[in-house]
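> Okay, handing you the structure first.
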Amino acid sequence: MTKYPITIKEIQAGLKAGEFSAVELTTAVFENIEQVDPKIKGFLALNKEEALEQAKASDERGYGDDAPALNGVPIAIKDNILTKDLETTAASKMLEGFIPPFDATVVEKLKDAGAVIIGKTNLDEFAMGGTTETSYYQNTHNAWDQSCVPGGSSGGSAAVVASRQVPAALGSDTGGSIRQPAAFNGLVGLKPTYGAVSRYGAIGFGSSFDQVGPLTLTVEDNAKLLEVIAGVDEKDMTSLPTEKYNYTEKLGQDIKGLKIAVPKAYLLAELQAEVKASLDSAIEYFKSQGAIVEEVELDLFEEGTTLYHILASAEASTNLGRFDGIRYGYRSPDANSLDEIYVQSRTEGFGPEVQKRIVRGTYILSGDGYHEYFEKAAKVRTLLAQEYKEIFEDYDMILGPTTVETAYKLGEKYDEKLADLNDALVVSANLAGIPALSFLAGFDGEDLPIGLQLIGPANSEASLYQVADNFEKAHDYVNKAPNL
Amino acid sequence: MINQAKVKEVAETIKLDLTDELVNECVEDLTKLAQEKAKLDEIDTENVKPTYYGNDLKNVYRSDKAVKNDNYQELLERAPLTRDGYVVVPTIIED
Numbered sequence: 004m005t006k007y008p009i010t011i012k013e014i015q016a017g018l019k020a021g022e023f024s025a026v027e028l029t030t031a032v033f034e035n036i037e038q039v040d041p042k043i044k045g046f047l048a049l050n051k052e053e054a055l056e057q058a059k060a061s062d063e064r065g066y067g068d069d070a071p072a073l074n075g076v077p078i079a080i081k082d083n084i085l086t087k088d089l090e091t092t093a094a095s096k097m098l099e100g101f102i103p104p105f106d107a108t109v110v111e112k113l114k115d116a117g118a119v120i121i122g123k124t125n126l127d128e129f130a131m132g133g134t135t136e137t138s139y140y141q142n143t144h145n146a147w148d149q150s151c152v153p154g155g156s157s158g159g160s161a162a163v164v165a166s167r168q169v170p171a172a173l174g175s176d177t178g179g180s181i182r183q184p185a186a187f188n189g190l191v192g193l194k195p196t197y198g199a200v201s202r203y204g205a206i207g208f209g210s211s212f213d214q215v216g217p218l219t220l221t222v223e224d225n226a227k228l229l230e231v232i233a234g235v236d237e238k239d240m241t242s243l244p245t246e247k248y249n250y251t252e253k254l255g256q257d258i259k260g261l262k263i264a265v266p267k268a269y270l271l272a273e274l275q276a277e278v279k280a281s282l283d284s285a286i287e288y289f290k291s292q293g294a295i296v297e298e299v300e301l302d303l304f305e306e307g308t309t310l311y312h313i314l315a316s317a318e319a320s321t322n323l324g325r326f327d328g329i330r331y332g333y334r335s336p337d338a339n340s341l342d343e344i345y346v347q348s349r350t351e352g353f354g355p356e357v358q359k360r361i362v363r364g365t366y367i368l369s370g371d372g373y374h375e376y377f378e379k380a381a382k383v384r385t386l387l388a389q390e391y392k393e394i395f396e397d398y399d400m401i402l403g404p405t406t407v408e409t410a411y412k413l414g415e416k417y418d419e420k421l422a423d424l425n426d427a428l429v430v431s432a433n434l435a436g437i438p439a440l441s442f443l444a445g446f447d448g449e450d451l452p453i454g455l456q457l458i459g460p461a462n463s464e465a466s467l468y469q470v471a472d473n474f475e476k477a478h479d480y481v482n483k484a485p486n487l
Numbered sequence: 035m036i037n038q039a040k041v042k043e044v045a046e047t048i049k050l051d052l053t054d055e056l057v058n059e060c061v062e063d064l065t066k067l068a069q070e071k072a073k074l075d076e077i078d079t080e081n082v083k084p085t086y087y088g089n090d091l092k093n094v095y096r097s098d099k100a101v102k103n104d105n106y107q108e109l110l111e112r113a114p115l116t117r118d119g120y121v122v123v124p125t126i127i128e129d
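Residue numbers (the numbering used here), protein chains in the order written: chain A, 4 to 487; chain B, 35 to 129.
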């Protein structure tokens, strides 16, 4: 892979200049995966035959100005996103061997853009987790320190990009699952405005929270990839009516006069010293560029974690009701009655974390639970979303840490209080349906990446990219690669 | 009252047969959730409308045109057991 460039931008430049073909590049990608992925274990399935056909088709299309937007570019896809004829498991036994009969809309869009689909990446089972350790199949390792978690639930996607196996991957974010692994692996990860990207074909977890989004090495790559996958979809009635978005238009623009809020509630005492230092340094940097950066009050912060625990679990228990052993997925071989099919298939097919969350969600939706938990949480959700709207009346965006600490060890039982605070830092964007971006802002003493987060009002992705890109170009972090 | 019996009742509703270990973990989980929820109760939400969706879209329609579904065979191939175009399940009507 050292012969070939690693970002989408550089790959496209190389293809256009005729330095290499998509077939050569794709062949090299698979050879590199054979060398590198045994240390990372980010891939669950590889799409070699089809990828080479796609690469060939890309080369035949050529790389002129009218070539499709991602022609010849290798991309990996999180395995909770359906890919036609390519096994999709959601990292669960429930879908072991499941071959989707159709592509998710985001995958269709990637294929229409000429992208080369390299394979499917590991995740926490049904996206439920923050370390990718609840995967039924394997643990994935952080690209920077293989004894550490890659984060989750899009840990596989993050690790394969950070280890330079592919320039980009799709992930999904329900309660931080793109941004936290992006932070842990030193990447740019964005959760779009709710509805900007179609959820059709993305296996549902919390349907009012889920969004598919890009993980990349650079901000510009991220914006370009998001432009391809975003857009209204007739098959997703929650998709916003815009057909085509321009997320790259503000890249390179001055950030003088932009107003950035730093909620005091985000400045946790528990923040790892280097994370706090990184945030302080970024604040100083943005001020030096003429942005106005001010601390603001935020009432509802830790409550966000509770709201997420209640609402997302309730939605998940409903969404996972479709896995009943009847029409697709795992059916228990020992089941002799209808009830046994349901109970045994689900009990044997789902892992313990998934079962726990289903029970939690069902409890919340049963009897009095509906009013006391679900409805109450939904009302507080309104208040939380409103608070962010009010901040955005005076500020263009919010800046804060993505995680409390850098990546921790595989197998470690992480402190519950810190885990809740980690959730609180990321779930507000899902609760309010607003875009949030994690970008690489430095490294700690163990050489583990530090991510900072920008959160903006609905449809402000172009501004978030503008600010993150400004930071990226002024610092050299993206040129540091893990030693593999 | 959050106890093992309650958890088992909920699990039965949702068609899961939990291990004893998992039942205990669920008791712990729901107990913690109740404590978290108690904090929410301190927040005044009178006259606040609930938010159940990720955005404000309403009544999103598509044109009512008939589309032929040609891929039912493909869908059947994903079922564990089929015969003559049907998904096979064990007897559902008991004597």
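Glycine included, C-beta positions come from ideal geometry on N, C-alpha and C.
Name the DSSP beta bridge partners of residue 297 (chain A), please?
For the purposes of this step, residue 297 (chain A) is taken as residue 294 along the first sequence, with counting starting at 1. The partner list for residue 297 (chain A) (beta bridge, DSSP) reads A:264.
> Return the Cβ separation of residue 218 (chain A) and residue 161 (chain A) in integer angstroms, given the expectation that the two are a contact with Cβ distance under 8 Å.
The residue labelled residue 218 (chain A) in the question sits at position 215 within the first sequence. The residue labelled residue 161 (chain A) in the question sits at position 158 within the first sequence. The Cβ separation is near 6 Å, so the contact holds.
> Just reading off the beta strand (DSSP E) that residue 174 (chain A) is part of, what are its end residues?
The residue given as residue 174 (chain A) occupies position 171 in the first sequence. From DSSP, the beta strand (DSSP E) with residue 174 (chain A) extends over 171–176.
> Name the chain E residues that come within less than 8 Å of residue 103 (chain B), Cβ to Cβ?
In the structure shown, chain E does not exist; the protein chains are A and B.
> Identify, in the order they occur along the chain, each residue of the same chain with its Cβ nearer than 7 Å to the Cβ of residue 63 (chain B), setting aside the five sequence neighbours on each side.
Within the second sequence, numbered from 1, the residue matching residue 63 (chain B) stands at position 29. Around residue 63 (chain B): no qualifying Cβ.
> Do residue 464 (chain A) and residue 195 (chain A) have their C-beta atoms within less than 8 Å of each other?
One-based indexing of the first sequence puts residue 464 (chain A) at position 461. One-based indexing of the first sequence puts residue 195 (chain A) at position 192. It is a contact, given that the beta carbons lie within the stated cut-off.
> Taking 7 Å as the cut-off, is the beta-carbon of residue 458 (chain A) closer than that to any non-hydrogen atom of the ligand HEM?
Only the bare structure without any ligand can be found here, which leaves the ligand HEM out of the picture.
> Alpha carbon to alpha carbon, how far is residue 129 (chain A) from residue 434 (chain A)?
Locating residue 129 (chain A) in the first sequence gives position 126, counting from the first residue. Locating residue 434 (chain A) in the first sequence gives position 431, counting from the first residue. Roughly 19 Å between the two C-alpha positions.
> Does DSSP classify residue 125 (chain B) as helix, strand or coil?
As a first step, residue 125 (chain B) is located in the second sequence; it is residue number 91 there, counting from the start. Residue 125 (chain B): coil per DSSP, three-state reduction.
> Can you give me the start and stop residues for the alpha helix (DSSP H) that residue 361 (chain A) sits inside?
Working through the first sequence from its first residue, we reach residue 361 (chain A) at position 358. Taken as a continuous stretch (DSSP letters only), the alpha helix (DSSP H) holding residue 361 (chain A) covers 355–368.
> Hey, residue 14 (chain A) and residue 76 (chain A): beta-carbon distance below 8 Å or not?
The residue you call residue 14 (chain A) lines up with position 11 of the first sequence. The residue you call residue 76 (chain A) lines up with position 73 of the first sequence. For residue 14 (chain A) and residue 76 (chain A), yes; Cβs fall inside 8 Å.
> Rank A:155, A:114, A:261 by C-alpha distance to the C-alpha of residue 228 (chain A) and give the top, closest one.
The residue given as residue 228 (chain A) occupies position 225 in the first sequence. Out of A:155, A:114, A:261, A:114 has the C-alpha closest to the C-alpha of residue 228 (chain A).
> Are any of the Cβ atoms in chain A nearer than 8 Å to that of residue 113 (chain B)?
Along the second sequence, read from residue 1 onward, the residue named residue 113 (chain B) stands at position 79. Cβ-Cβ to chain A under 8 Å: yes for residue 113 (chain B).
> List the residues that DSSP assigns as beta-bridge partners of residue 64 (chain A).
Taking the first residue of the first sequence as position 1, residue 64 (chain A) is located at position 61. Answer is none; residue 64 (chain A) lacks a bridge partner.
> Short of 7 Å Cβ to Cβ, which residues in the stretch 349–365 of chain A face chain B?
Against chain B - using a Cβ distance shorter than 7 Å - the residues of the stretch 349–365 of chain A are 349, 350, 355, 358, 359, 361, 362, 363, 365.
> Around the C-beta of residue 126 (chain B), are 16 or more other C-beta atoms found within 10 angstroms, so that it is buried, or is it exposed?
The residue labelled residue 126 (chain B) in the question sits at position 92 within the second sequence. That one is exposed.
> For the stretch 63–144 of chain A, list the beta strand (DSSP E) runs that are entirely contained and at least 3 residues long, ordered along the chain.
Listed in chain order, they are 77–81, 119–124.
> Alpha carbon to alpha carbon, how far is residue 4 (chain A) from residue 141 (chain A)?
As a working mapping, residue 4 (chain A) is identified with position 1 in the first sequence. As a working mapping, residue 141 (chain A) is identified with position 138 in the first sequence. In this prediction, residue 4 (chain A) has a pLDDT of 43, which is less than 50 and means its spatial position is unreliable; what the coordinates show is noted afterwards. Cα to Cα, residue 4 (chain A) sits roughly 25 Å from residue 141 (chain A).
> Take residue 278 (chain A) as the anchor and find which of A:468, A:9, A:404 has the nearest alpha-carbon.
On the first sequence, residue 278 (chain A) is found 275 positions in, with the first residue counted as 1. Residue A:404 is the option with its Cα nearest to residue 278 (chain A).
> Determine which residues of the stretch 96–114 of chain A have a Cβ less than 9 Å from any Cβ of chain B, and write them out in chain order.
Going along the stretch 96–114 of chain A in chain order, one finds 101, 102, 103, 104, 105 with a Cβ nearer than 9 Å to chain B.
> For a test of the three-state rule: what should DSSP assign to residue 441 (chain A), helix, strand or coil?
If you number the first sequence from 1, residue 441 (chain A) lands on position 438. Reduced to three states, the DSSP call for residue 441 (chain A) is strand.
> State the DSSP-derived secondary structure class of residue 403 (chain A), mapped to helix, strand or coil.
Walking along the first sequence from the start, residue 403 (chain A) turns up at place 400. In this structure, residue 403 (chain A) counts as strand in the three-state DSSP scheme.
> In its own chain, which residues sit with a C-beta less than 6 Å from the C-beta of residue 436 (chain A), not counting the 5 before and 5 after it?
In the first sequence, residue 436 (chain A) corresponds to position 433, counting from 1. Excluding sequence neighbours, residue 436 (chain A) sits near 197.
> Runs of 4 residues minimum, wholly inside the stretch 410–471 of chain A: which ones carry the alpha helix (DSSP H) assignment?
Segments of the alpha helix (DSSP H) lying fully in the stretch 410–471 of chain A: 419–435.
> Determine the direct distance from the alpha carbon of residue 481 (chain A) to that of residue 352 (chain A), and round the result to whole angstroms.
Walking along the first sequence from the start, residue 352 (chain A) turns up at place 349. Walking along the first sequence from the start, residue 481 (chain A) turns up at place 478. Spanning the two alpha carbons is a distance of roughly 40 Å.
> Using Cβ-Cβ distances below 8 Å, what residues of the stretch 56–90 of chain B are close to chain A?
Hits within the stretch, in order: 56, 59, 60, 63, 64, 67, 70, 71, 73, 74, 75, 77, 79, 82, 83, 84, 85, 86, 87, 88, 89.
> So which of A:127, A:67, A:164, A:168 has the shortest CA-CA distance to residue 35 (chain A)?
In the first sequence, counting from the first residue as 1, residue 35 (chain A) sits at position 32. For residue 35 (chain A), the nearest C-alpha among the options comes from A:168.
> So that I know if they touch, is there some Cβ in chain A lying closer than 8 Å to that of residue 38 (chain B)?
In the second sequence, the residue the question calls residue 38 (chain B) occupies position 4. No, residue 38 (chain B) lies away from the interface with chain A (no Cβ there is under 8 Å from its Cβ).
> Does DSSP put residue 113 (chain B) in a helix, in a strand, or in coil?
Locating residue 113 (chain B) in the second sequence gives position 79, counting from the first residue. Note: residue 113 (chain B) maps to coil in three-state DSSP.
> Which value, in whole angstroms, describes the spacing of the CA atoms of residue 124 (chain B) and residue 344 (chain A)?
Translated into positions along the second sequence, residue 124 (chain B) becomes position 90. Translated into positions along the first sequence, residue 344 (chain A) becomes position 341. Using only the alpha carbons, I get a separation of about 9 Å.
> Compare the C-beta of residue 436 (chain A) with all C-beta atoms of chain B and state if any pair is closer than 8 Å.
For the purposes of this step, residue 436 (chain A) is taken as the residue at position 433 of the first sequence. Yes, because at least one Cβ of chain B sits closer than 8 Å to the Cβ of residue 436 (chain A).
> Is the Cβ of residue 129 (chain A) closer than 8 Å to any Cβ of chain B?
Taking the first residue of the first sequence as 1, we reach residue 129 (chain A) at position 126. False, the Cβ-Cβ gap to chain B never drops below 8 Å.
> If we require 3 or more residues per run, which beta strand (DSSP E) segments fall completely within the stretch 189–224 of chain A?
Runs found: 191–194, 214–219.
> Residues in the stretch 373–407 of chain A with C-beta within 8 Å of chain B's C-beta atoms, listed in sequence order?
Within the stretch 373–407 of chain A, the residues whose Cβ lies closer than 8 Å to some Cβ of chain B are 375, 376, 378, 379, 380, 381, 382, 383, 384, 385, 386, 388, listed in chain order.
> With a threshold of 8 Å between beta carbons, is residue 45 (chain B) in contact with chain A?
Counting from 1 along the second sequence, the entry for residue 45 (chain B) is found at position 11. Output row for residue 45 (chain B): interface = yes.
> With DSSP collapsed to three states, give me the class of residue 271 (chain A).
Residue numbering aside, residue 271 (chain A) sits at position 268 when the first sequence is read from its first letter. In the structure shown, residue 271 (chain A) sits in coil (DSSP, three-state: anything other than H, G, I, E or B).
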